[in-house]
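So the sequences go chain by chain: A and B. Take the first sequence: its position 56, counting from 1, is numbered 55 in numbering that gives the first Met the number 0, and each next residue is one higher. Take the second sequence: its position 161, counting from 1, is numbered 160 in numbering that gives the first Met the number 0, and each next residue is one higher. Before any comments, here is the structure.
Number of protein chains: 2
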Amino acid sequence: MTTEPRSNVTRVSCFDCPLRSLAGFRAFSESELNFVSQFKRGELLADSSSTILVEGAKSAHLYTVLSGWGFRYKILEDGRRQILNYVVPGDMVGLQGALMAEMQHSVEALTPMTLCVFERSKLYSLFERHAGLGFDLTWLAAREEAILDEHLLSIGRRSAVERAAYLLGFLYDRGIKSGMLSETNRHIPVTQMHFADTLGLSIVHTNKTLRKLADRGLILWRERGCEILDPEGLQTLSSWAPEELRQRPFI
Amino acid sequence: MTTEPRSNVTRVSCFDCPLRSLAGFRAFSESELNFVSQFKRGELLADSSSTILVEGAKSAHLYTVLSGWGFRYKILEDGRRQILNYVVPGDMVGLQGALMAEMQHSVEALTPMTLCVFERSKLYSLFERHAGLGFDLTWLAAREEAILDEHLLSIGRRSAVERAAYLLGFLYDRGIKSGMLSETNRHIPVTQMHFADTLGLSIVHTNKTLRKLADRGLILWRERGCEILDPEGLQTLSSWAPEELRQRPFI
DNA sequence: CGGAATCTTGAGGGAGCTCAACAGTAGTGG
DNA sequence: CCACTACTGTTGAGCTCCCTCAAGATTCCG
């Protein structure tokens with residue numbers, strides 16, 4: 000079931016975009032800001048566990064996440080699901096659908112989400128008018144690619160425990176950098192079912208694997224989600240570390 | 000060991016680029032062609048199984064594959080390797096390294112390869128001067144993303160036989176569309192070790208899995224590579240089909 | 001209050017792993 | 001030119017990690 004936009008009017012002006020103040024996001028020039036501002040059509044408020052984009056659809060819009068957690072996934076004919084990646088504030092959603100003929104994956108909200116809505120048809124003018132923004136889009140796509148590379152390495156070559164530790168460390172990092180997590184809020188809003196479908200494991204074995212991590216004091220499972228207790232411990236266990244903080248673009 | 004360019008001079012003029020005549024590649028405008036032509040620094044001839052780009056390096060160049068097969072991979076500290084994707088003519092190589100600080104994966108040649116060499120520092124001017132080409136780059140990155148999504152689904156959720164069938168069908172499709180394969184030449188130049196590291200399986204089990212496919216008459220393993228006998232059979236077995244042929248860009 | 005998710009745990013089975021050995025081929029150096 | 005070594009492909013045996021099945025406890029939600 001797709002959630003329809005509750006509003007067509009811009010609520011948050013791009014000039015007051017809360018993401019601008021986050022460390023790690025690059026600054027816009029005034030003309031870029033003006034362009035993005037009129038590129039933005041409105042906002043989409045998505046309920047928790049609602050579908051934002053669905054595989055096979057030809058969407059007229061693309062989105063940027065303003066707030067909330069979500070995830071991208073694909074399913075096989077018989078229902079087997081693979082979660083591909085998670086989305087947090089600052090991430091683009093639906094760029095593939097805007098460039099290719101149709102969406103090759105679906106997107107669902109983990110929490111209530113707010114998304115900025117952009118017109119697909121105006122995408123090309125973004126490249127024409129503001130080369131810098133076009134460059135940023137390519138950057139974003141390349142970064143998503145790098146993340147998927149890492150996930151592929153993880154699923155293909157890491158053991159269950161290493162995989163889970165990697166995923167938790169990865170989500171913690173993304174949460175912190177996007178402002179969804181902080182020193183005091185370290186709660187990732189996923190079910191073990193989500194984790195199983197991300198790790199390529201059965202739900203039973205995912206449960207037993209997460210228990211091992213909990214027994215080591217690295218995490219705590221509570222309130223339909225996961226509390227990160229020891230990010231460094233997770234990184235050590237998975238032999239993975241996030242890349243250093245750098246100025247990243249967003250639209 | 001990195002292969003050094005044997006020549007700095009452009010051998011094949013962009014105007015005579017053999018890829019231009021391939022079905023499925025979009026046509027350039029004359030001014031685009033002029034730009035790409037002077038964007039191109041020269042050609043790199045890589046020997047079979049030589050390393051073209053290495054993880055962690057800060058490359059001053061990016062490349063387009065003109066001829067030959069190659070692959071991208073990552074390795075864990077203890078040597079476990081995961082092949083992420085294969086590269087064929089028309090594919091960009093090293094775009095990540097050009098956009099991010101350094102390469103997050105390595106690239107190796109499966110056969111002798113020819114690559115067009117571009118200057119990393121001039122990449123931004125491509126976006127400034129030719130919005131269409133910038134758009135194409137984003138398209139290429141988004142397509143790579145879609146492929147990685149599919150691989151992730153495969154490794155995470157398909158059985159060994161399905162996975163192998165998917166990979167073979169996928170490579171056959173890419174080979175045909177890039178001109179590396181044809182009705183008469185259906186030979187993919189990989190070892191079973193490459194397949195194992197792509198599928199996330201051990202080499203022994205990969206061998207036994209490929210045997211099952213060979214026993215079904217779908218493939219034939221010979222001369223250090225794989226002969227595709229029945230592409231449709233592979234597609235059916237993996238419940239995967241390539242997307243329809245469409246005008247795709249290249250640089 | 002009842003049904004549907006979600007989390008948990010135990011038991012048994014199987015897909016895929018490691019170890020091991022061998023054959024065929026390619027590459028290399030004396 | 002041949003011997004030697006490295007790589008590749010193949011097959012068997014036993015083991016283990018992870019799967020499925022099953023059942024129960026807890027929480028959420030209508």
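The beta-carbon is built from N, C-alpha and C at its ideal position, and this holds for glycine as well.
**OP:** Output yes or no for whether 7 angstroms exceeds the beta carbon distance between Leu61 (chain A) and Arg71 (chain A).
**Re:** For this step, residue 61 (chain A) is matched to residue 62 along the first sequence. For this step, residue 71 (chain A) is matched to residue 72 along the first sequence. Their beta carbons are not under 7 angstroms apart, which means Leu61 (chain A) does not touch Arg71 (chain A) by this criterion.
**OP:** For the beta strand (DSSP E) holding Thr50 (chain B), just list the boundary residues, first then last.
**Re:** Residue mapping note: residue 50 (chain B) aligns to position 51 of the second sequence, counting from 1. It spans 50 to 52 - the beta strand (DSSP E) in which Thr50 (chain B) sits, taken as one unbroken run.
Subject >> Residue environment, Gln192 (chain B), which counts as buried when at least 16 other CB atoms sit within 10 Å >> reply: Walking along the second sequence from the start, residue 192 (chain B) turns up at place 193. A small correction: the amino acid at residue 192 (chain B) is Met; Gln does not occupy that position in the sequence shown. It counts as exposed.
Original post:
Would a check of beta-carbon distances place Trp239 (chain A) closer than 7 angstroms to chain B?
Top reply: Locating residue 239 (chain A) in the first sequence gives position 240, counting from the first residue. No, Trp239 (chain A) lies away from the interface with chain B (no Cβ there is under 7 angstroms from its Cβ).
**OP:** Quick one: using the 10 Å Cβ neighbour count with 16 as the cut-off for buried, is Ser105 (chain B) buried or exposed?
**Re:** For the purposes of this step, residue 105 (chain B) is taken as the residue at position 106 of the second sequence. Burial call: buried.
Subject >> Anticipated Cβ contact below 8 angstroms, Gly89 (chain B) with Phe38 (chain B), distance rounded >> reply: Looking up residue 89 (chain B) in the second sequence gives position 90. Looking up residue 38 (chain B) in the second sequence gives position 39. The Cβ separation is near 16 angstroms, so there is no contact.
**OP:** Note down the Cα distance separating Pro209 (chain B) from Asp135 (chain A), rounded to an integer number of angstroms.
**Re:** Counting from one through the second sequence, the residue named residue 209 (chain B) turns up at place 210. Counting from one through the first sequence, the residue named residue 135 (chain A) turns up at place 136. According to the sequence displayed, residue 209 (chain B) carries Leu and not Pro. Between Leu209 (chain B) and Asp135 (chain A), the C-alpha separation is close to 42 angstroms.
Original post:
Can you find a C-beta in chain A that's less than 7 angstroms from the C-beta of Trp68 (chain B)?
Top reply: Numbered from its first residue, the second sequence carries residue 68 (chain B) at position 69. Not closer than 7 angstroms to any Cβ of chain A, the Cβ of Trp68 (chain B) fails to qualify, so no.
Subject >> Contact with chain B by His104 (chain A), beta-carbon distance below 7 angstroms >> reply: In the first sequence, residue 104 (chain A) corresponds to position 105, counting from 1. For His104 (chain A), the answer is yes, since a Cβ of chain B falls inside 7 angstroms of its Cβ.
Subject >> Residues from the stretch 150 to 179 of chain B in contact with chain A, defined by Cβ distance under 7 angstroms >> reply: His150, Leu151, Leu152, Ile154, Gly155, Arg156
Subject >> Status (buried if at least 16 other CB within 10 Å, exposed otherwise) for Ala108 (chain A) >> reply: The residue labelled residue 108 (chain A) in the question sits at position 109 within the first sequence. So Ala108 (chain A) counts as buried.
Original post:
Can you check whether the CB of Thr205 (chain A) is closer than 7 angstroms to the CB of Ala213 (chain A)?
Top reply: Numbered from 1 along the first sequence, position 214 holds the residue referred to as residue 213 (chain A). Numbered from 1 along the first sequence, position 206 holds the residue referred to as residue 205 (chain A). Cβ atoms of Ala213 (chain A) and Thr205 (chain A): not closer than 7 angstroms.
Original post:
Can you tell which of B:Phe14, B:His186, B:Asp77, B:Thr113 has its C-alpha closest to the C-alpha of Ile51 (chain B)?
Top reply: Counting from one through the second sequence, the residue named residue 51 (chain B) turns up at place 52. Ranking B:Phe14, B:His186, B:Asp77, B:Thr113 by Cα distance to Ile51 (chain B) puts B:Thr113 first.
**OP:** Say whether chain B places a C-beta atom closer than 7 angstroms to the C-beta of Ala26 (chain A).
**Re:** By 1-based counting over the first sequence, the position of residue 26 (chain A) is 27. Taking Cβ atoms only, chain B never reaches closer than 7 angstroms to Ala26 (chain A), which makes this a no.
**OP:** Give the secondary structure of His186 (chain A) by DSSP, where H, G and I count as helix, E and B as strand, and everything else as coil.
**Re:** Locating residue 186 (chain A) in the first sequence gives position 187, counting from the first residue. The answer is strand: DSSP assigns His186 (chain A) an E or B state.
Original post:
Between Leu136 (chain B) and chain A, is there a C-beta pair that is closer than 7 angstroms?
Top reply: For the purposes of this step, residue 136 (chain B) is identified with residue 137 of the second sequence, where counting begins at 1. Answer yes: the Cβ-Cβ gap between Leu136 (chain B) and chain A drops below 7 angstroms somewhere.
Original post:
Near Gly67 (chain B), what residues of its chain come up, given a Cβ to Cβ distance below 7 angstroms and the 5 sequence neighbours on each side ignored?
Top reply: For the purposes of this step, residue 67 (chain B) is taken as the residue at position 68 of the second sequence. Hits under 7 angstroms: Ala108, Thr110, Pro111, Met112, Thr113.
Subject >> Element boundaries [beta strand (DSSP E), containing Val116 (chain A)] >> reply: As a first step, residue 116 (chain A) must be located in the first sequence, where it is residue number 117. It spans 112 to 118 - the beta strand (DSSP E) in which Val116 (chain A) sits, taken as one unbroken run.
Subject >> Contact with chain B by Phe126 (chain A), beta-carbon distance below 7 angstroms >> reply: Walking along the first sequence from the start, residue 126 (chain A) turns up at place 127. Yes, because at least one Cβ of chain B sits closer than 7 angstroms to the Cβ of Phe126 (chain A).
**OP:** Starting from Asp148 (chain A), find everything on chain B with Cβ-Cβ shorter than 8 angstroms and list it in chain order.
**Re:** As a working note, residue 148 (chain A) is residue 149 in the first sequence. Within chain B, the residues near Asp148 (chain A) are Arg71, Lys73, Leu83, Gln103, His104, Leu147.
**OP:** Using the Cα positions of Ala22 (chain B) and Lys176 (chain B), report the straight-line distance between them to the nearest angstrom.
**Re:** Taking the first residue of the second sequence as position 1, residue 22 (chain B) is located at position 23. Taking the first residue of the second sequence as position 1, residue 176 (chain B) is located at position 177. Approximately 8 angstroms, taken between the alpha carbons.
**OP:** Output, in chain order, the set of chain A residues within a Cβ distance shorter than 9 angstroms of Gly89 (chain B).
**Re:** Walking along the second sequence from the start, residue 89 (chain B) turns up at place 90. Those within 9 angstroms of Gly89 (chain B) in chain A number zero; the least Cβ separation is about 16 angstroms.
Original post:
Does the beta-carbon distance from Met102 (chain A) to Ala59 (chain A) come in below 7 angstroms?
Top reply: What you label residue 102 (chain A) is simply residue 103 of the first sequence in a count that begins at 1. What you label residue 59 (chain A) is simply residue 60 of the first sequence in a count that begins at 1. No, the Cβ-Cβ distance between Met102 (chain A) and Ala59 (chain A) is not below 7 angstroms.
Original post:
Within 10 angstroms of its Cβ, does Arg162 (chain B) collect 16 or more other Cβ (buried), or is it exposed?
Top reply: Numbered from its first residue, the second sequence carries residue 162 (chain B) at position 163. It counts as buried.
Original post:
Cα separation between Ala240 (chain B) and Asp15 (chain A)?
Top reply: Your numbering for residue 240 (chain B) matches position 241 in the second sequence. Your numbering for residue 15 (chain A) matches position 16 in the first sequence. Roughly 45 angstroms separates the two Cα atoms.
Subject >> Contacting positions in the stretch 52 to 64 of chain A - beta carbon closer than 7 angstroms to chain B >> reply: none
Original post:
Do we get a CB-CB distance below 7 angstroms when we pair Ala22 (chain B) with the residues of chain A?
Top reply: If you number the second sequence from 1, residue 22 (chain B) lands on position 23. No, because no Cβ of chain A sits closer than 7 angstroms to the Cβ of Ala22 (chain B).
Subject >> One or two residues paired with Gly41 (chain B) in a DSSP bridge >> reply: As a position in the second sequence, residue 41 (chain B) is number 42, starting the count at 1. Its beta-bridge partners are B:Val116.
**OP:** Just the chain B side, please: which residues come within less than 7 angstroms of Arg79 (chain A) by C-beta, in chain order?
**Re:** Numbered from 1 along the first sequence, position 80 holds the residue referred to as residue 79 (chain A). In chain order: Arg156.
**OP:** Indicate whether the contact test is met: 3 or more Cβ pairs, each with one atom in the stretch 122 to 135 of chain A and one in the stretch 72 to 82 of chain A, closer than 8 angstroms.
**Re:** no
Subject >> 7 angstroms Cβ cutoff, Glu143 (chain B) in contact with chain A >> reply: As a working mapping, residue 143 (chain B) is identified with position 144 in the second sequence. Taking Cβ atoms only, chain A reaches closer than 7 angstroms to Glu143 (chain B), which makes this a yes.
Original post:
Taking the beta strand (DSSP E) that Trp220 (chain B) falls in, what are its first and last residues?
Top reply: Here the question's residue 220 (chain B) lines up with position 221 in the second sequence. Where Trp220 (chain B) is concerned, the enclosing beta strand (DSSP E) stretches over 218 to 220.
**OP:** For Asn206 (chain B), write down the residues that DSSP places opposite it in a beta bridge.
**Re:** Along the second sequence, read from residue 1 onward, the residue named residue 206 (chain B) stands at position 207. Answer is none; Asn206 (chain B) lacks a bridge partner.
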